[in-house]
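K.L.:
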Amino acid sequence: MIHVLGTETKETEMIDDEDAPSGDDFNQPLRQLAQEAQRHPHESVPRQLALNKLVNEILKSDRLGHPQRGLWSPSVYEYLYNKALQKKLLEVCRKKTDNYYPEFPVMAW
Numbered sequence: 028m029i030h031v032l033g034t035e036t037k038e039t040e041m042i043d044d045e046d047a048p049s050g051d052d053f054n055q056p057l058r059q060l061a062q063e064a065q066r067h068p069h070e071s072v073p074r075q076l077a078l079n080k081l082v083n084e085i086l087k088s089d090r091l092g093h094p095q096r097g098l099w100s101p102s103v104y105e106y107l108y109n110k111a112l113q114k115k116l117l118e119v120c121r122k123k124t125d126n127y128y129p130e131f132p133v134m135a136w
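The sequence shown runs 28 to 136 under our numbering.
1) Measuring only the C-alpha atoms, how far is Tyr108 from Glu118?
2) Under the rule that 16 or more other beta-carbon atoms within 10 Å means buried, what is Val133, buried or exposed?
3) What three-state label does DSSP hand Asn109 in the structure shown?
4) Tell me, to the nearest whole angstrom, how far the beta carbon of Arg74 is from that of His67; I am working on the premise that it is less than 8 Å.
5) From Leu98 to Ala111, what distance separates their C-alpha atoms?
6) Might you give, ordered along the chain, the residues of its own chain that have their beta carbon closer than 6 Å to the beta carbon of Tyr63, omitting 5 neighbours on each side?
7) Is any heavy atom in the ligand GTP found nearer than 6 Å to the beta carbon of Trp136?
8) Please report the straight-line C-alpha distance between Asp46 and Asn54, rounded to a whole angstrom.
9) Inspect the beta-carbon positions of Arg96 and Tyr104 and report whether they are closer than 7 Å.
10) Who are the Cβ neighbours of Tyr127 in its own chain at under 6 Å, not counting the five residues just before and after it?
Structure below.
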């Protein structure tokens with residue numbers, strides 16, 4: 028895989044982790060949780076539980092993108108990453124779940 032960083036080009040190696048779940052093995056539980064949340068009214072306890080499980084699975088997945096660390100100081104990086112993550116997770120809970128179509132991966136949101 029090649030990443031272009033400004034004018035610098037850096038090659039990175041793809042690591043094939045046999046223990047990592049395949050795409051469908053990973054997406055199916057997320058898909059089920061998103062559909063479970065859709066079945067319940069906003070603000071209901073069952074919907075909140077399904078969304079909580081969905082968010083926890085996303086956070087556990089280690090599949091979230093990270094900006095390049097060298098662009099900011101560690102404290103600024105941490106702040107920006109956490110703000111962006113919070114914004115995305117709120118978006119998932121408030122808007123994206125209602126408009127989710129199960130033929131697409133949840134992580135494509």
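C-beta: ideal position from N, C-alpha, C; glycine also.
Fair warning: this is a prediction, and the values are worked out from it, not measured in the lab.
P.N.:
Let's see:
1) 15 Å
2) buried
3) helix
4) 4 Å
5) 16 Å
6) The sequence given here places Glu at residue 63; Tyr does not occur at that position. For Glu63, where only same-chain residues beyond five positions count, the Cβ hits under 6 Å are Ala77.
7) Judged by which ligands are present, the structure shown has none, so any question about the ligand GTP falls away.
8) The predicted position of Asp46 is uncertain, since its pLDDT is 45 and thus under 50; a value taken from the coordinates is nonetheless stated next. Asp46 and Asn54: Cα-Cα distance of roughly 15 Å.
9) With respect to the 7 Å criterion, Arg96 and Tyr104 are classified as neighbours on the basis of their beta carbons.
10) Ala61
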